[in-house]
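Novice: Just passing along the structure, written as structure tokens.
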Amino acid sequence: MKVIKFKSKFGRWLCRVFKKPNFFFVNLDEIGSFIWKRCNGKKTVEQILEELEETYGEEKMRERLYFFLLALKKYGYIEFEEGK
Numbered sequence: 055m056k057v058i059k060f061k062s063k064f065g066r067w068l069c070r071v072f073k074k075p076n077f078f079f080v081n082l083d084e085i086g087s088f089i090w091k092r093c094n095g096k097k098t099v100e101q102i103l104e105e106l107e108e109t110y111g112e113e114k115m116r117e118r119l120y121f122f123l124l125a126l127k128k129y130g131y132i133e134f135e136e137g138k
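Structure below.
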């Protein structure tokens with residue numbers, strides 16, 4: 055997963071000045087990658103869960119999705135919208 059370091063103009067400017075990339079990579083397992091690719095602002099959490107269960111089976115997918123999304127939110131990679 056490619057993650058942007060800085061969203062602000064100042065942060066992006068610092069990266070250019072110090073000739074450093076404004077991103078880093080995070081390794082995800084198969085299910086984490088599956089979830090991340092669907093966090094696009096168009097799918098609801100329930101839709102992602104349905105796709106997970108169809109692809110990988112129903113065993114503990116709700117809990118796994120819940121904790122993964124909370125971790126992404128904690129680190130600022132995603133935000134939740136009301137009703138999604």
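Letter by letter, the sequence shown follows residues 55 to 138 in the numbering used here. For glycine and all other residues, C-beta sits at the position ideal for the given N, C-alpha and C. Just so you know, these numbers come straight off a predicted model, no measurement behind them.
Are the beta-carbon atoms of Asn81 and Met55 separated by less than 9 Å?
Specialist: Yes. Within cutoff.
Novice: Give me whichever residues DSSP pairs with Phe77 in a beta bridge.
Specialist: Answer by DSSP bridge pairing, in chain order: Ile58.
Novice: Starting from Phe88, trace the alpha helix (DSSP H) in both directions and tell me its first and last residue.
Specialist: Taken as a continuous stretch (DSSP letters only), the alpha helix (DSSP H) holding Phe88 covers Glu84 to Arg92.
Novice: By DSSP, does Ile132 sit in helix, in strand, or in coil?
Specialist: Correct three-state label for Ile132: coil.
Novice: Can you tell me whether Leu126 is buried or exposed? The criterion is at least 16 other CB atoms within 10 Å of its CB, across all chains shown.
Specialist: Buried, because 16 or more other Cβ atoms sit within 10 Å of the Cβ of Leu126.
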